[in-house]
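Report on the following structure.
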Amino acid sequence: MSYNIHLFHPDVKRAVLGGEPLEKVARTSIPPAVREQLVQQLLAGNYELQAESPSSVEYIHKNKQWSIKVTVTASEIALAVPYWDDAENAIAEAHKTASELSLSGSLVIYIPQAQAWSE
Numbered sequence: 009m010s011y012n013i014h015l016f017h018p019d020v021k022r023a024v025l026g027g028e029p030l031e032k033v034a035r036t037s038i039p040p041a042v043r044e045q046l047v048q049q050l051l052a053g054n055y056e057l058q059a060e061s062p063s064s065v066e067y068i069h070k071n072k073q074w075s076i077k078v079t080v081t082a083s084e085i086a087l088a089v090p091y092w093d094d095a096e097n098a099i100a101e102a103h104k105t106a107s108e109l110s111l112s113g114s115l116v117i118y119i120p121q122a123q124a125w126s127e
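In our numbering, the protein residues as written are 9 to 127.
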């Protein structure tokens, strides 16, 4: 089990607030230039490449006491924090990372545990 944070294109939030269930919303792609900028922010922010596939790239935080995994796809950035050692600090760091990635206004944050969107 893990604590999750998702970042989407603002169109996804608009569709959900308009009444469409998140699971059924057509996911608007994050522009490639924005994705690349976000990846550079991750690499500069103490994350390292963990795995690549044709549909996603995964990064992991370098802190050895806890884990944050960031998965980047064409239409979503997902942060996952397992509930183990020092989960409270890892969750705080994940929120900080998500906030930094959304500063440009290109993405909005969704917290599934609270079913809440960022402002």
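Glycine included, every Cβ here is placed at the ideal spot set by N, Cα and C. Quantities reported herein were computed from a predicted structural model and do not represent experimental measurements.
Terminal residues of the alpha helix (DSSP H) in which residue i lies
i: Leu-50; result: 40 to 52
i: Thr-105; result: 95 to 110
i: Pro-29; result: Per DSSP, Pro-29 belongs to no alpha helix (DSSP H) and is neither H nor E.
i: Ala-23; result: 18 to 25
Integer-rounded CB distance, given that residue j should sit under 8 Å from residue i
i: Ile-38; j: Leu-115; result: 7 Å
i: Lys-70; j: Asn-54; result: 5 Å
Cα-Cα separation between residue i and residue j, rounded to whole angstroms
i: Asp-93; j: Glu-101; result: 14 Å
i: Ser-112; j: Met-9; result: 30 Å
i: Asn-97; j: Trp-74; result: 8 Å
Reference residue i, options the options, closest by Cα
i: Val-47; options: Ala-23, Val-78, Glu-96, Leu-25; result: Val-78
i: Pro-40; options: Glu-84, Glu-66, Asn-54, Ala-98; result: Glu-84
i: Glu-60; options: Phe-16, Arg-35, Trp-74, Val-80; result: Val-80
i: Arg-6; options: Leu-15, Ser-110, Gln-45; result: Shown here, the chain extends from 9 to 127; a query on residue 6 therefore has no answer.
Residue interval of the beta strand (DSSP E) (run including residue i)
i: Lys-77; result: 77 to 80
i: Ala-59; result: 55 to 60
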